[in-house]
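Enquirer: Residue numbers (the numbering used here): 94 to 397. Cβ coordinates follow ideal geometry from the N, Cα and C atoms, glycine included. Predicted, not measured: the structure shown is a model, and the values here were computed from it. The structure's right below; bear with me while I get my questions together.
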Amino acid sequence: MNGDGVTILVENLRKSYGSIKAVDGLSFKVYEGEVYSLLGPNGAGKTTTVEIVEGLRKPDGGRVRVLGMDPWHSQADIRQTVGIMPQDFRFVERINPEEAIRFYCTIFGVADRSKELLELVELDDVRNVYFQNLSGGQKQKLGICLALVNNPKVVFLDEPTTGLDPRARRRIWKLIRQLKEEGRTIILTTHYLEEAEMLADRVGIVSRGKMIVEGTPKEIIEKMGKGKRLLVSRDEKLSEYIGKELKLESTLENGLISAHVNSNSDVIDILSFVDRNNIPISTLQLREDTLEDIFVDLVGKEEE
Numbered sequence: 094m095n096g097d098g099v100t101i102l103v104e105n106l107r108k109s110y111g112s113i114k115a116v117d118g119l120s121f122k123v124y125e126g127e128v129y130s131l132l133g134p135n136g137a138g139k140t141t142t143v144e145i146v147e148g149l150r151k152p153d154g155g156r157v158r159v160l161g162m163d164p165w166h167s168q169a170d171i172r173q174t175v176g177i178m179p180q181d182f183r184f185v186e187r188i189n190p191e192e193a194i195r196f197y198c199t200i201f202g203v204a205d206r207s208k209e210l211l212e213l214v215e216l217d218d219v220r221n222v223y224f225q226n227l228s229g230g231q232k233q234k235l236g237i238c239l240a241l242v243n244n245p246k247v248v249f250l251d252e253p254t255t256g257l258d259p260r261a262r263r264r265i266w267k268l269i270r271q272l273k274e275e276g277r278t279i280i281l282t283t284h285y286l287e288e289a290e291m292l293a294d295r296v297g298i299v300s301r302g303k304m305i306v307e308g309t310p311k312e313i314i315e316k317m318g319k320g321k322r323l324l325v326s327r328d329e330k331l332s333e334y335i336g337k338e339l340k341l342e343s344t345l346e347n348g349l350i351s352a353h354v355n356s357n358s359d360v361i362d363i364l365s366f367v368d369r370n371n372i373p374i375s376t377l378q379l380r381e382d383t384l385e386d387i388f389v390d391l392v393g394k395e396e397e
């Protein structure tokens, strides 16, 4: 680690597959003890970037350091100091959590930590249940558990809550907060923008292999947000009125019109138009911009 507290350093990272630039001059820093979330649409270069930082893939150019080490040329040392939970975690079907942890402890040459880790991730009640019979949330917890066997300073969590129900997701969030409280540095990739907004100290939004914005969720919302949004049921006539007559920006969001409104008078104008034209409305919501709104706007513009 550098004297300035930088745990992970990525400078001008480049990686191509044939003519496709998967990572195109990407740079960012991750500081000791923070949760850093890398966000981007499919094909943005997130997975390739994380795999390079983990030492699993060789870069074409640029500079990467993890705890002061080059991950590609120091793979053995990196394995001893980082923990990795891959996307879509899978394991041997007929092995239980306790056996899995003991197996990993043997690989890393450390004392049996099964009791300690099972209690940490709240899997002690299913310690003897086969992997194939665990719930989705329990399987994800085991994946995180195995990433902690070597007591890593840096933990990579790739889509740790994908496919889980809201209750199971929040249990994983609680665990991630616990890891942060222990002083670990966490790299979190996720498709859930709410998750990044709730957990990350800082986020980096990547598109086409480039960093398009970086900062705390609050900073990004304040800098890139456009204030309030009115969500209203989709109607072609209403959408045309909002754009052509009121000159307001709008997009479609989950089948709803999402319009940026500058003042209460914009909201009144829209509601008056709905009333005059007898437009049936089943949804009407006024809210502040979220990180997801910013993400959709930024990535949409990059892909146009």
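(1) Could you tell me which whole beta strand (DSSP E) segments of length 3 or greater appear in the segment 325 to 383?
(2) Give the single residue among I171, G348, L324 and F184 whose Cα lies nearest to the Cα of F249.
(3) Closest by CA to K151, which one among N189, Y110 and E125?
(4) Between I66 and L160, which are expected to be in contact by the criterion C-beta below 8 Å, what is the C-beta distance as a whole number of angstroms?
(5) My parser needs the alpha helix (DSSP H) runs of 4 or more residues fully inside the segment 200 to 266; what are they?
(6) Roughly how far, in whole angstroms, is the beta-carbon of E307 from the beta-carbon of F121, given that I think they are within contact range, below 8 Å?
(7) Give me the DSSP bridge partner(s) of K303.
(8) Are the CB atoms of V367 and L349 nearer to each other than 8 Å?
(9) Can you tell me where the alpha helix (DSSP H) with V146 in it begins and where it stops?
(10) Does the count of Cβ pairs from the segment 267 to 276 and the segment 222 to 231 closer than 8 Å reach three?
(11) If R262 sits next to T254, beta carbons under 8 Å apart, how far is it from one beta carbon to the other, in whole angstroms?
(12) Which value, in whole angstroms, describes the spacing of the CA atoms of L257 and R369?
(13) Would you mind listing the beta strand (DSSP E) stretches within the segment 142 to 184 that are 3+ residues and don't spill past its ends, in chain order?
(14) Can V354 and L341 be called in contact, C-beta distance under 8 Å?
(15) With DSSP run on the structure shown, which of helix, strand or coil describes K319?
(16) If the criterion is Cβ atoms closer than 8 Å, does the pair V157 and L102 meet it?
(17) Per DSSP, which one or two residues make a beta bridge with F121?
(18) Suppose you measure from the CA of V175 to the CA of G318; what does that come to, to the nearest Å?
(19) So which of K337, G236 and G276 has the shortest CA-CA distance to F182?
(20) What does a CB cutoff of less than 7 Å around M304 pick up in its chain, not counting 5 residues either side in sequence?
(21) To the nearest angstrom, report how far apart K139 and I177 are at their CA atoms.
(22) Starting from I279, follow the beta strand (DSSP E) in both directions and report where the run begins and ends.
(23) Quick one: give me the first and last residue of the alpha helix (DSSP H) that A289 is part of.
(24) In angstroms with no decimal places, state the Cα-to-Cα distance between S167 and G148.
(25) So S130 is in the beta strand (DSSP E); what residue range does that whole segment cover?
(26) When DSSP builds the beta bridges, which residues end up paired with S109?
(27) Out of L210, V242 and I374, state which residue places its alpha-carbon closest to the alpha-carbon of C198.
(28) Quick one: measure Cβ to Cβ for L286 and E385, integer angstroms, because I've assumed they're closer than 8 Å.
(29) For R295, does the three-state DSSP call read helix, strand or coil?
(30) Please tell me whether P245 and R277 are closer than 8 Å, where the distance is taken between their beta carbons.
(31) What number of angstroms, rounded off, separates the C-alpha of K208 from the C-alpha of S356?
Expert: Quick look at the numbers:
(1) 343 to 346, 349 to 354 and 377 to 381
(2) I171
(3) Y110
(4) The structure shown does not extend to residue 66, since the chain spans only 94 to 397, so no value can be given for it.
(5) 207 to 213 and 229 to 240
(6) 6 Å
(7) S300
(8) no
(9) K139 to V146
(10) no
(11) 4 Å
(12) 44 Å
(13) 154 to 159 and 175 to 178
(14) yes
(15) coil
(16) yes
(17) V103
(18) 35 Å
(19) G236
(20) L119, S120, F121 and G297
(21) 15 Å
(22) T278 to T282
(23) L286 to L292
(24) 8 Å
(25) V128 to L132
(26) K114
(27) V242
(28) 4 Å
(29) strand
(30) yes
(31) 57 Å
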